[in-house]
Amino acid sequence: MSGKNPALDQARTILSRYTNLVTFIVLATVLSILTKGASLGWDSVQNLVIAESVRAFAALGVGIIIITRGIDLSIGFVVCLVASVSASFAQTTDYSAALYPGVDFPSYLPIVAGLATGAAFGLFNGVLIAYGKLPPFIATLGTMSIAKGLQLIYTRANVIGSLKAPFKNIAQGSVGPVPNLAVYVFIASFIVWIVLRHTRQGTHLYAIGGNPQAARVSGINVEFELVKVYTYAGILYGVAGVLQASRLGLANALTANGMELDAIAAVTVGGVSQTGGVGTMGGMIVGVLTLGIINYGMTYLGVDSYFQLLVKGFIILVAVFADMKKYKRRA
Amino acid sequence: MNDVNILELRNITKLFPGVKALDSVSMQVRPGTVHALMGENGAGKSTLMRCLFGIYKMDEGEIFFKGNKAVFNSAKDALESGISMIHQELMNVPDRCVKENIWLGREPFKMRGFLKFLDHKKMYDDTLSLMRRLEMDIDPNRRMGDLSISLQQTCEIARAVSYNASIVVMDEPTSSLSDNEAAHLFRIIEDLKRRGIAIIYITHRMNEVFKISDTVSVMRDGKMVGTFRTADLNEEKLIRLMVGRDNANIFPYMTPCSDEVVLKVEGLTSDDPRSFRNVSFELHKGEILGIGGLVGAQRTELVEAIFGLRGITSGSIFHRGLEVRNANPRKAIGHGIALLTEDRRGSGIFPLLSITTNTSVPSLKSFRNKLGLLDHGEIRKVSERINQSLKTKTPTMETLIQDLSGGNQQKVLISRWLMTEPDIFIMDEPTRGIDVGAKFEIYTIIAELMKQGKSIILVSSEMTELIGMSHRVMVLCDGRHTGTLSRTEATQERIMRLAALFN
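As structure tokens, this is what we get:
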């Protein structure tokens, strides 16, 4: 039983709160030593941010879901569908193989349609889980397949390419030296931080994840809160999808393939516990960066990409193992 | 009858943090007898049995089985030595069939060359002969979950017997049986007795004790009051032994309550046909209304329905004269009702959240600034002030609630509800599982709330607590309101009689 020594207690709390950040700094330092400082260059940092920012949206989305004891496997294909829908409204008018050849859609439509698609899937997941009482794992496994099917039907399995320059500029542009993507991630992270840390709703999410029955007794409308969380996450996937299409200048059936696993791995490494009720925005972002730097570092060091998968797998297992030990409910 | 004891428990002591759950308890059981074990809830009967089965490690004491000192490290150990137990709750695998359930963990095998195969035929035949021997008529191939609860209970009995046990412990085995089924169980017990098997029979039902037992051991507050021949007792005497005479004055002074009715419940009936029905009562300003009854009397279900956690089919609730419908806890909280639930871990604490958050969750609405964001400084200040007034002991307000003792967790939960400023505070077993010191502190808190004019509904299984703390005691039995006793009328004997009215 702890609690006897407040100082020790506090030291433990602080250390356990920042383990993820410490891990990230250690990894970054090791990498910069191995690359003789090259990895600290502005170009490298920029590349890291650009490569990881889309994933960050997915991570923020699934992060708030995992806080409520949920999970979402549909991310990858929902992002893929969103990217395809969004891209289909942004194709150049002179492109004869376009999905809607010759139609010049207003420039806001790709964004609105993308976000709406993401939100609709989130809402659907939320209703299935909160009111249909389906286990999140199974419900989102179902919607994953639905999203994949819809994407293939909608695009007739074609690549949606030849996107307009202004649309591509959404993700590819930059504000001075700062890539646009970094700005979007910053804004989204800020909003997630405000919601989790400074609103009643945020506290309710931790309460629901911590003990759903106690949350209900405390007067929280557990079902409605869950629907909202999945919808918010869906909107974040919507942003990820629009940005992915804009960044790559195209969308196809392989867009965002496996993103759910990357996102879940990142937030787990970032200290969002599978037991529910634990996790912060900072942790989620640090988790994304940690996985990013590992990927980046291994590529930089010329590690075989097959071997990289192996390393990533073990890192996830270690993170979950540490998490289970840390949050083992004390009797 | 044989004079040699088949089982002897000597000076068994079991300590839980802050509580002496068993205090040097001794008991002797002779073969071929039914030995009833009686006592109020929390007297230590289950703890004693758990020590016997090695589920709890006892701190002191010895067990002698068939004359030899025995140490059982697990229920499996005890089973293999010939002591089996029928639990009050069903412990089976509903999706497997009867025969598989009975031989679970010791399935017969047959060898085919060097491969081991499950011997379904032997399992079937053995089950059938076991059922015949016990005059039970259950198809060994039926899926367990398809049987009625009472037939499932019967299967548990068959399984217990199938271990060739020389002692069978039965923990309230009739609680889910009809009268006919209970009569059948008693015939089986008679049969087991004739075979020289000893039965330790835990029950609350007086009539059963006098019908089937040869010997009665009575426990109270973790101590063995004594072992008596059933023939030497009557109901009156037994109740007196169970509840004890010493009622030390540990309870705070009670001020009289006003006549003003703050809550009126009329003909409240649960949407679960097995739960409470047609319950009516009134609660006055500044009153502590105790609700007593045995396990299964549906007390928790009743208060949870008032709080909007469970559904009702008929009846009405009036709050200060106005009819209210508490469809969910949010509405009830809005009407100034608070509920401290019975299961602190299951529906009370958020284990991995801080004391501050645990205290403030239901009241966050009133701590928002102009932007609609939470005012963390104010939340912390108010949470801290309320916790301090209840003397919650915690290193910091950021400490996780799971790191506090049970008594302090309970104080945080009481603080949580006080922060919502309720005028009706329902407390369901508020002192269960917390140490003696904290118990008295909670009594003091309850009395303080009463003096402030709050109305309290106190559900408790502890007789002394009910009588010591309540202005009136309302007793439920089997979901029905069997009577309300005023402070002067409320004695343990009277409460017991009302609580067991339909048994």
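Taken in order, these protein sequences are the chains called A and B. Residue numbering for the first sequence follows our numbering, starting at 1 and increasing by one per position. Residue numbering for the second sequence follows our numbering, starting at 1001 and increasing by one per position. Heads up, the beta-carbon is just placed ideally off N, CA and C, and yes, glycines get one too. Everything numeric in this text was worked out from a predicted model, so none of it was measured.
Residues of the segment 212–240 of chain A whose Cβ lies closer than 8 Å to any Cβ of chain B, in chain order: 213, 214, 215, 216, 217, 218, 219, 220 and 221. Cβ contact annotation for residue 303(A) (same chain, cutoff 6 Å, sequence separation greater than five): none. The Cβ-Cβ distance between residue 1337(B) and residue 1360(B) does not fall below 8 Å. Interface annotation for the segment 1350–1367 of chain B against chain A: 1350, 1351, 1352, 1353, 1357, 1361, 1362, 1364 and 1365, criterion Cβ-Cβ distance under 7 Å. Under the three-state reduction of DSSP, residue 35(A) is assigned to coil, being neither helix nor strand. For residue 310(A), the closest of 173(A), 295(A) and 149(A) by C-alpha to C-alpha distance is 295(A).
The DSSP-derived three-state label of residue 268(A) is helix. By the Cβ neighbour-count rule, residue 89(A) is buried, with 16 or more other Cβ atoms within 10 Å of its own. Closer than 8 Å to the CB of residue 18(A) there is not a single CB belonging to chain B. A residue is called buried once 16 or more other Cβ atoms fall within 10 Å of its Cβ, and residue 1014(B) is buried on that count.
Counting every other CB atom within 10 Å of its CB across the protein chains shown gives residue 327(A) a total of 16 or more, marking it as buried.
From the beta-carbon of residue 140(A), no residue of chain B is found nearer than 7 Å; the closest lies around 24 Å away.
Taking a cut-off of 8 Å for Cβ pairs, the segment 236–253 of chain A and the segment 165–176 of chain A touch, as three or more such pairs fall below it. Its chain contains 207 as the residues whose beta carbon lies nearer than 8 Å to that of residue 214(A), once the 5 sequence neighbours on both sides are disregarded; these appear in chain order. Relative to residue 1316(B), the option among 1166(B), 1263(B), 1048(B) and 1055(B) whose CA is nearest is 1263(B). Among the CB atoms of chain A, none fall inside 8 Å of the CB of residue 1383(B). Within chain B, the residues whose beta carbon sits less than 8 Å from that of residue 200(A) are 1364, 1365, 1368 and 1374, listed in sequence order. If the five residues before and after residue 1470(B) are omitted, its C-beta is found closer than 8 Å to the C-beta atoms of 1288, 1289, 1290, 1458, 1487 and 1490, all from its own chain and listed in chain order. Residue 1099(B) places its beta carbon 8 Å or farther from that of residue 1073(B). Taken in chain order, the unbroken stretches of alpha helix (DSSP H) that lie wholly in the segment 148–217 of chain A and span 4 residues or more are 165–172, 180–198, 200–210 and 212–217.
Among the CB atoms of chain B, one or more fall inside 8 Å of the CB of residue 203(A). Identification of residues in the segment 273–303 of chain A having a C-beta nearer than 7 Å to some C-beta of chain B yields 277 and 278, given in sequence order.
Approximately 5 Å separates the beta-carbon atoms of residue 1037(B) and residue 1045(B); this is inside 8 Å, confirming the contact. Within the segment 1020–1082 of chain B, the runs of alpha helix (DSSP H) that reach at least 4 residues and sit entirely inside it are, in chain order, 1045–1052 and 1075–1081.
The C-alpha of residue 1080(B) is placed about 28 Å away from the C-alpha of residue 1224(B). Nearest C-alpha to residue 196(A) among 262(A), 162(A) and 279(A): 279(A). Around residue 1333(B), the beta-carbon contacts reaching into chain A at under 9 Å are 218 and 219.
Its Cα nearest to that of residue 1035(B), the residue 1231(B) stands out among 1107(B), 1159(B), 1134(B) and 1231(B). Each of 68(A), 105(A) and 79(A) was checked against the Cα of residue 135(A), and the nearest Cα belongs to 68(A). Near chain A, meaning a CB-to-CB distance below 9 Å, no residue of the segment 1049–1061 of chain B qualifies. Along the segment 1441–1503 of chain B, the alpha helix (DSSP H) occurs as fully enclosed runs of 4 or more residues at 1463–1469 and 1492–1499, listed in sequence order. The segment 260–279 of chain A makes contact with the segment 64–80 of chain A, as at least three CB pairs between them are under 8 Å.
For residue 1439(B), the closest C-alpha among the options 1161(B), 1454(B), 1456(B) and 1408(B) is that of 1408(B). According to the DSSP assignment, residue 131(A) belongs to no beta strand (DSSP E), since it is labelled neither H nor E. Per DSSP, residue 1404(B) is not a residue of any alpha helix (DSSP H), being assigned neither H nor E.
The beta carbon of residue 63(A) sits no closer than 8 Å to any beta carbon of chain B.
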